[in-house]
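Protein chains in written order, with the numbering used here: chain A, 1 to 213; chain B, 1001 to 1213; chain C, 2001 to 2245; chain D, 3001 to 3245.
Idealized CB from N, CA, C, for every residue including glycine.
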């Protein structure tokens, strides 16, 4: 079994975002999803630092230092965009106005707990940014991640051992091997990717997984 | 002894407002103060319904239905004005950003309690508007009122008998007979108006008044 | 293509159900979404809880809705105006419930609902009758009371310009409660003087981003009359208003 | 005549005292008031508490202030950036205190200070290490923690245009924390690209009304460089930026 690459996974996630959705793609890998949204569909991207209607990266000669995304990379704004200040921007999140946000993860628990801001390693510089706000803020919180960490351990766990970002907040996990829904009784396989089987996934995660209905 | 008229009292109050002050004049009689602010001094008027930099009443032909004050009368906006929504407008008040507000009163107590929103009469329609927000919101809360109510009782009292608008919030009371400061130990006469004497004021109010220092 | 424009006010209020909580923008007549209220009257929903700063003026708009007996409960700050006789009569007859909220607490409670705040401590109202039954706490030496959010099923607001994504700008003091109400309702409908092309509203100047708006309805040019009497005014393009009656 | 314009950044930061709490606008480099920070460095105040989303980039601006040992404590959401080596070093050496606040709680706590809110219940951070020691309450079935306002003695922010009354508009995502910080400090100073005539900013489009602003300082046109390397960009008038080093 071979997992999907980052780009393929971003494409897979992009397919599940409907027209008209308000979407926040956090920072890091999930921002790749923006590049694979279907042409011709209007999907409105939110960035925590005060913009709805975020467009793609600018041409090299047209970089504008005042126009950046949450990852501090230069972006553009679409016709119909709106700027607002930070309290308003996070009010949008916290108030449940975003349809979807896509976040990275260190761990996701079977009850939907998310750990993605700190490994708890001593001496590390703690930094949380908007992660905790996003985790509790969108109608649907999706995670994009490899199923396994670099050390081979599963990122899907029965209980998070890393410090939590949010409690019972994740509704779906897109991994390189499968898409999982977080159900009241734990993870349910929604879709197998890259040739994986449920048995393989159970072996890799050491979890009992419900299969597709 | 003859008390000052409304207009003279408004003029008297206007003289105490320094250039650069941000001022809210509530509704009713205090709005007269706006007409007597010194020419050539820039004093910025706030109206609770979302405007800083309120100007005078418009010419009859230039009334604009969207541009009104807290009393729902047509007004104008000066160059340098700003519009904002109600949560921002009352955040300005509650956050202590207004220098002065001038309010009417049914009663003011010697500890600065204000009663100006309800007589508590049975069957009256209760209505509070922005009175309670203004009472606690400005750096200086001034009251403009006749010393005596229509029934001849004093509006300056040891304790309010009408329902309170705010507790220990009034710092100065401008009446037709005198200006009073509210001090930790009660009312102090700041200025006598219209030929009043402290003895007369004590007689009218049935209060022991400190005289000017 | 996202298109939040709605053909008529009637279409916009079609789904409002009996028993709903409906926010209605405006401060006095400024910003009151009269055409949407008229459509709501025609639509027929009743047993409503209305959240609005005032309780109607004259016999039109919100006052007309009240007069039809459609409103069970008003949440407002200032129901007593010189021209609020409809509310006055209902209240004195015991035919309507009233929750009176200081205006700034009303605005902040609506904002809290829109911004996902579960409650907040405010100094407004402390020590007054309107604080009765509310939790009080001293923070840094100052007294506060705890207030909770006010959310709604529907917000009906009035704005100046809107685009097909639902971005709105307002006009002068008609802005008032529109932006916070738009954020606090499950469904928000704005009547606007003009629907403009996407991009015609400068992104720096958008007041209500479209994320808060579900429907945008263009309404005919406005008139400013008071009990049927023309009281002056210019329209949104600066032209003198005609006498309409 | 009200005139809040200040001749120089040095004049604007003249009165900042040792031990002050200073808010510094910006998200990364966007909206960071570099010239005001440089003036603060030159002015010499120390033992500062700094409230800012990040903890400095490269060796300039806030990072330079940190490098001089002027900051006792940082309140921020995201001190760990690829170019935040100055803060990293101080933190690892135990030479700076850190209060880490989720970004939305940070913005809302600053807004609360500006709006006179004594505290608020937020769902952000519930059940995490950052909720330790904070009061938790279930409201309408959802868990919240109580957060308190963050006020400051001084706010240093960057805006696009300002007038002599202190009205400000920002530019794109450089707006970020500027408006809430302006409202939450005893003294707020804004550096702006352009001082314009009173009335030149459309009243509908003012983002920070002058009531929140004490000083407005015009600064020279900006450059966008990263560690001395030109990384592209246009200036505020759309002209390509020159390479500065």
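Query                                                                                                                                                                                                   : Result
Note down, in chain order, all residues in the stretch 2174–2194 of chain C with a beta-carbon under 7 Å from any beta-carbon belonging to chain D.                                                     : none
From the beta carbon of residue 85 of chain A, is the nearest beta carbon of chain D less than 8 Å away?                                                                                                : yes
Would a check of beta-carbon distances place residue 3106 of chain D closer than 8 Å to chain B?                                                                                                        : no
Using only the alpha-carbon positions, how far apart do residue 2113 of chain C and residue 2153 of chain C sit?                                                                                        : 12 Å
Give every residue of the same chain whose Cβ lies closer than 8 Å to the Cβ of residue 958 of chain B, excluding the five residues on either side of it in the sequence, and list them in chain order. : Examination of residue 958 of chain B is not possible in this model, given that chain B is present from 1001 through 1213 alone.
Measuring straight from C-alpha to C-alpha, what distance separates residue 10 of chain A and residue 72 of chain A?                                                                                    : 20 Å
With a floor of 3 residues, list each beta strand (DSSP E) that falls wholly inside the stretch 58–87 of chain A, ordered by position along the chain.                                                  : 76–83
With 8 Å as the threshold, decide whether the Cβ of residue 1098 of chain B is near any Cβ in chain C.                                                                                                  : no
Is the shortest distance between the beta-carbon of residue 1072 of chain B and the beta-carbons of chain C less than 8 Å?                                                                              : yes
Using the Cα positions of residue 3168 of chain D and residue 3035 of chain D, report the straight-line distance between them to the nearest angstrom.                                                  : 17 Å
Please report whether the beta-carbon of residue 2154 of chain C lies at a distance below 8 Å from any beta-carbon of chain A.                                                                          : no
Find the residues of chain C that neighbour residue 19 of chain A, judging by a C-beta separation of less than 9 Å, and give them in chain order.                                                       : 2001 and 2002
In three-state DSSP terms, what is residue 142 of chain A?                                                                                                                                              : strand
Taking only beta-carbon atoms, is residue 2115 of chain C less than 8 Å away from chain A?                                                                                                              : yes
In angstroms with no decimal places, state the Cα-to-Cα distance between residue 1108 of chain B and residue 1208 of chain B.                                                                           : 15 Å
Do the stretch 3120–3136 of chain D and the stretch 3156–3167 of chain D meet, that is, are 3 or more Cβ pairs less than 8 Å apart?                                                                     : no
Who are the Cβ neighbours of residue 3266 of chain D in its own chain at under 7 Å, not counting the five residues just before and after it?                                                            : Because chain D here runs from 3001 to 3245, residue 3266 of chain D falls outside it and cannot be looked at.
In this structure, does DSSP put residue 3091 of chain D in helix, strand or coil?                                                                                                                      : helix
Using three-state DSSP, classify residue 3176 of chain D as helix, strand or coil.                                                                                                                      : coil
Taking CB distances under 8 Å as the criterion, tell me whether residue 2036 of chain C reaches chain B.                                                                                                : no
Residues of chain D with CB under 7 Å from residue 1079 of chain B, in chain order?                                                                                                                     : 3198 and 3199
Going by other Cβ atoms of all chains shown within 10 Å of its Cβ, with 16 needed for buried, is residue 3229 of chain D buried or exposed?                                                             : For residue 3229 of chain D, the predicted structure reports a pLDDT of 45, less than 50, and the residue's modelled location is therefore unreliable. A value from the coordinates is still provided. The residue is exposed, with fewer than 16 neighbouring Cβ atoms inside 10 Å.
Using a Cβ cut-off of 8 Å (strictly closer), state whether residue 3204 of chain D contacts chain B.                                                                                                    : yes
Among the residues of its own chain, which have a CB less than 7 Å from the CB of residue 2124 of chain C, if the five just before and after it don't count?                                            : 2102, 2104 and 2105
Please state if the CB of residue 64 of chain A and the CB of residue 3017 of chain D are separated by a distance shorter than 8 Å.                                                                     : no
Locate the alpha helix (DSSP H) running through residue 1132 of chain B, then write down its first and last residues.                                                                                   : 1131–1137
State yes or no: is the C-beta of residue 2115 of chain C within less than 8 Å of the C-beta of residue 94 of chain A?                                                                                  : yes
For residue 3099 of chain D, which of helix, strand or coil comes out of DSSP?                                                                                                                          : strand
Tell me which same chain residues have a C-beta within less than 7 Å of the C-beta of residue 2065 of chain C, skipping the five on either side of it?                                                  : 2037, 2040, 2041 and 2071
How about residue 1045 of chain B and residue 1062 of chain B: are their beta carbons less than 8 Å apart?                                                                                              : no
Could you give the residue range of the beta strand (DSSP E) that holds residue 1011 of chain B?                                                                                                        : Premise fails: residue 1011 of chain B lies in the alpha helix (DSSP H), 1006–1015, not in any beta strand (DSSP E).
Hey, how far is the Cα of residue 1077 of chain B from the Cα of residue 74 of chain A?                                                                                                                 : 38 Å
Kindly indicate if chain D contains any beta-carbon less than 8 Å away from that of residue 2121 of chain C.                                                                                            : yes
Check distances from the C-beta atoms of the stretch 3131–3153 of chain D to those of chain B and list, in chain order, the residues that come in under 9 Å.                                            : none
Please list the segments of the beta strand (DSSP E) lying wholly inside the stretch 2039–2069 of chain C, counting only runs of 3 or more residues, in order along the chain.                          : 2048–2051
Check the DSSP bridge columns for residue 1022 of chain B and list the partner residues they point to.                                                                                                  : B:1044
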